[in-house]
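Numbering (the numbering used here), first residue to last: 1 to 382.
And the structure:
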């Protein structure tokens, strides 16, 4: 890039980043509290109460945050909806089905299930169907894998809270590329005051999936690529002014996922490949097929040895991955967490779902569906 072009590029990027910083650094309320699930005022426990069970993998940070969102929202806004138990589905369909079946046998009056990982919903749906209670028990799932979409279409799963994992890698690689090539500076870096600073937190949002809109989630990006120019034109414009012909096919950006054998990661992988093609760089997707943070740490260690241009990682266990994330940063490799955060590490930023807010959204969907099914007006409705 010529010397007389750099000031112009910096100025243009600064303008783009103004919108980005104020549009993305805070949680996006339109994806969390609008549409069919606005917050309702607190209600008393007068009248009937309804039992619900949460299916999760306790100890996994992002899932614990979603469960916390469910529990606190139900307690505050819908006290007549009572969480009686959390079952450990081990993020596996078959385990989730077995444990949900045991719950149904013990609690024949159960009103609903909430699943907080991609495997939870299909496992619960299988158990409910086997018990002959499909359509009688409200099920709110997580994510938009085909197994979830199929059960929504059949009417077994009521709705799901879908993440926008495509956005995580799409935006993450743009930030890493911009950091490497001097278009941006890292959060808190005061050594380059003339460069726009990337935000330390970007909430990529969630959306309710139900029968009315499930078709858009059948695409490889689960609809995110298609809506990207409409919802986030600033992300599309980011780096569009960089010098033409800057393709670097040997410059590698790596995404290290966890439990990559589940369909959830397909859209994340698609976002990585699309943005790398746009920038003319190499994208590599890696990670253990199951929930194995130790294996993920070993993979990350091997990636660090290759000295890629940047790393995105969804740490399966933040404590286990922390020393490896710090090792990469100390080696001069920028690291951004996506999907799951490791806030105590040296990572530069987090791009992903506000997991607590995902639980809040799911709680409101679950509670309103249960109350409507039993002929009761949810809060905010007459």
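Quick reminder that beta carbons are idealized off the backbone N, C-alpha and C, glycines included. Fair warning: this is a prediction, and the values are worked out from it, not measured in the lab.
Three-state secondary structure assigned by DSSP to residue i
i, result
"residue 199", "coil"
"residue 40", "In this prediction, residue 40 has a pLDDT of 48, which is less than 50 and means its spatial position is unreliable; what the coordinates show is noted afterwards. Note: residue 40 maps to coil in three-state DSSP."
"residue 64", "helix"
"residue 377", "coil"
"residue 86", "strand"
"residue 103", "helix"
"residue 365", "helix"
Bounding residues of the beta strand (DSSP E) (the contiguous stretch that carries residue i)
i, result
"residue 56", "50-56"
"residue 128", "Segment 120-130 is the alpha helix (DSSP H) holding residue 128; no beta strand (DSSP E) there."
"residue 346", "Residue 346 -> no beta strand (DSSP E), and no H or E assigned at all."
"residue 284", "281-286"
"residue 78", "Note, residue 78: premise wrong, no beta strand (DSSP E); not H, not E."
"residue 114", "112-115"
"residue 313", "310-313"
"residue 333", "Unbroken run through residue 333: none, as it is neither H nor E."
Buried or exposed (CB count within 10 angstroms, at least 16 for buried), residue i
i, result
"residue 230", "exposed"
"residue 153", "exposed"
"residue 339", "buried"
"residue 218", "exposed"
"residue 212", "exposed"
"residue 208", "buried"
Where the alpha helix (DSSP H) containing residue i begins and where it ends
i, result
"residue 305", "293-306"
"residue 136", "Residue 136 -> no alpha helix (DSSP H), and no H or E assigned at all."
"residue 330", "318-330"
Residue i versus residue j: straight-line alpha-carbon distance, rounded
i, j, result
"residue 188", "residue 198", "9 Å"
"residue 260", "residue 326", "23 Å"
"residue 240", "residue 314", "27 Å"
"residue 102", "residue 143", "24 Å"
"residue 320", "residue 297", "7 Å"
"residue 247", "residue 176", "15 Å"
"residue 88", "residue 183", "45 Å"
"residue 93", "residue 122", "6 Å"
"residue 359", "residue 167", "20 Å"
"residue 164", "residue 193", "32 Å"
"residue 268", "residue 97", "26 Å"
"residue 116", "residue 61", "12 Å"
"residue 233", "residue 273", "19 Å"
"residue 86", "residue 107", "13 Å"
"residue 204", "residue 129", "33 Å"
Can you check the stretch 192-272 for any beta strand (DSSP E) of at least 3 residues that lies completely inside it and give the ranges in chain order? Those beta strand (DSSP E) runs which fall completely within the stretch 192-272 and span 3+ residues are 201-203, 206-209, 248-256.
Please specify which runs of the alpha helix (DSSP H), each continuous and at least 4 residues long, are wholly inside the stretch 146-192, giving them in chain order. Fully enclosed alpha helix (DSSP H) runs of 4 or longer: 146-154, 165-180.
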